[in-house]
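S.K.:
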Amino acid sequence: RSIKFYHDLFGLDIVLGNDGNTILTEGLVLQDEKIWRDFLGKTIIPESNSCELYFEEQNIERFVEKLERLYPDIQYVNRLMTHSWGQKVVRFYDLDGNLIEVGTPM
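Per this note's numbering, the sequence shown starts with residue 1, numbered consecutively.
Listed below in structure tokens is the structure:
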């Protein structure tokens, strides 16, 4: 479902898939939670806000419309807002609880 999510929203396609590791275009690599859990020997905490993936979109309003149409139950950290320096951003969690920020180019 994460592969579909990143394809739907950002147009990323599979370059290579191998036993729980999937490389997408633009170099994003998705790994199954089990791989991390086994490797680290720790529980994985979704929505931990310890890091975020950042993407840029020229037409962020259109992106937000697409996000809401395709994933109406998405959990927002903040809906579309404008920072004091003029950049528009939206933050939300992907389907696995990873923090995503999408902003207009600076």
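C-beta: ideal position from N, C-alpha, C; glycine also.
1. Counting Cβ pairs, one atom from each stretch, are 3 or more of them under 8 Å apart for the region 91-102 and the region 68-77?
2. Compare the C-alpha of D19 against each of Y6, T25, E26, K34 and name the closest.
3. Given a cut-off of 8 Å, decide if L30 and I110 are closer than it, judged by their beta-carbon atoms.
4. So the candidates are F39, W85, G86, E57; which of them puts its Cα closest to the Cα of I100?
5. On the criterion of 16 or more Cβ atoms from any shown chain inside 10 Å, does V102 qualify as buried, or is it exposed?
6. With burial defined as no fewer than 16 other Cβ atoms inside 10 Å of the residue's Cβ, what is the status of V15: buried or exposed?
7. Could you give the distance in angstroms between the alpha-carbon of L40 and the alpha-carbon of N98?
8. Between the alpha carbons of L24 and S84, how many angstroms are there, rounded?
9. With distances taken from CA atoms, which of D32, F10, D8, E61 is nearest G17?
M.R.: So, from the listed chains and residues:
1. yes
2. K34
3. Lying before the first or after the last residue shown, residue 110 is absent from the chain, which here runs from 1 to 106.
4. Restricting attention to F39, W85, G86, E57, the CA atom closest to the CA of I100 is found in E57.
5. buried
6. exposed
7. Going by C-alpha positions, L40 is about 17 Å away from N98.
8. CA-CA distance, L24 to S84, rounds to 33 Å.
9. When only C-alpha atoms are compared, the closest one is D32.
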